[in-house]
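Report on the structure given below.
Numbering (full-length UniProt numbering), first residue to last: 1 to 203.
Structure below.
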């Protein structure tokens with residue numbers, strides 16, 4: 001499969017109303033510390049908004065809700081793999097992306113035949129405390145050699161200015177949170193990301 005080179009991650013469905021019109025085509029809904037009913041409502045709304053905009057929605061963590069609501073893509077962390085019913089997801093035609101941070105995690109992730117592998121944090125990130133050191137561009141290149149032709153998503157500390165190195169190293173898609181949603185003008189920054197990633201991916 002082929003991923004859009006710009007992979008936006010948001011923590012609330014309200015961002016989709018603002019940023020999908022900018023041309024976002026790949027977005028992950030990553031919600032923390034909400035009740036299941038709230039999360040379900042957000043997923044249902046996000047699914048509707050993304051379908052209307054022609055965008056691909058990826059639901060983070062909440063694979064049961066994604067399965068119940070007919071979503072077609074989930075993202076699973078390593079701890080999620082301990083309990084996720086991957087056969088049920090596959091039977092329903094749900095695609096799966098998996099986070100990795102070490103060779104052992106990559107080896108485990110590949111046993112699930114994922115639709116993409118995410119590697120991070122590539123650079124230092126202030127979004128959350130990470131138990132892993134920044135991976136760097138050499139690790140991006142190594143991961144791509146190991147997983148090709150599976151798409152590789154780079155995440156962690158990415159900015160538009162760092163994109164050339166990310167794509168040269170072999171990433172197929174660049175995931176971003178803070179550089180868009182914490183920007184003074186998120187809509188403008190999203191457009192900059194879209195223009196930059198699609199230009200580089202076309203080369």
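Yeah, the Cβ is synthetic: ideal placement off N, Cα and C, and Gly gets one too.
| request: Any chance you could list the alpha helix (DSSP H) runs of at least 4 consecutive residues sitting entirely within the region 22-98, in chain order? | output: 36-53, 63-68, 86-91
| task | Put residue 13 into one of helix, strand or coil per three-state DSSP. | result | coil
| Under 9 angstroms, do residue 44 and residue 28 count as touching if we go by C-beta distance? | no
| said: Excluding the 5 residues flanking residue 89 on each side, which residues of the same chain have their C-beta closer than 7 angstroms to its C-beta? | reply: 63, 67, 74, 96
| field | Segments of 4+ residues assigned as alpha helix (DSSP H) that fall wholly inside the region 95-160 | value | 103-110, 136-147
| Any chance the region 174-185 sits against the region 135-152, with 3 or more Cβ pairs inside 8 angstroms? | no
| Should residue 190 be labelled buried (16 or more other beta-carbon atoms within 10 Å of its own) or exposed? | buried
| field | Candidates 61, 24, 172, of which the one nearest residue 39 by Cα | value | 61
| So is residue 22 buried or exposed if we call it buried at 16+ other beta carbons inside 10 Å? | buried
| Chain-order list of residues whose beta-carbon lies under 6 angstroms from that of residue 113 (same chain, five-residue window excluded) | none
| query | What is the rounded straight-line gap between the Cα of residue 141 and the Cα of residue 170? | reply | 6 angstroms
| field | Boundaries (first-last residue) of the beta strand (DSSP E) holding residue 196 | value | Looking at the DSSP string, residue 196 is not in any beta strand (DSSP E); the run it does join, the alpha helix (DSSP H), is 186-201.
| How would you call residue 99, buried or exposed, if buried means at least 16 neighbouring beta carbons within 10 angstroms? | buried
| Among 85, 124, 81, nearest to residue 108 - alpha-carbon criterion | 81
| said: Tell me the residue span of the alpha helix (DSSP H) that contains residue 169. | reply: 163-169
| Member of 65, 110, 187 whose CA lies at the smallest distance from the CA of residue 35 | 65
| query | For residue 145, is the classification buried or exposed, using 16 other Cβ atoms within 10 angstroms of its Cβ as the cut-off for buried? | reply | exposed
| Are residue 93 and residue 122 touching if we call contact CB-CB under 9 angstroms? | no
| field | N-terminal and C-terminal residue of the beta strand (DSSP E) that residue 180 is part of | value | No beta strand (DSSP E) holds residue 180; the alpha helix (DSSP H) holding it covers 178-181.
| Which whole-angstrom value describes the C-beta separation of residue 133 and residue 153, a residue pair presumed to lie in contact below a C-beta threshold of 8 angstroms? | Contact flag wrong, Cβ pair sits at about 19 angstroms.
| task | Please state if the CB of residue 53 and the CB of residue 13 are separated by a distance shorter than 9 angstroms. | result | no
| message | Taking the beta carbon of residue 70 as the centre, do at least 16 other beta carbons fall within 10 Å, making it buried, or is it exposed? | response | exposed
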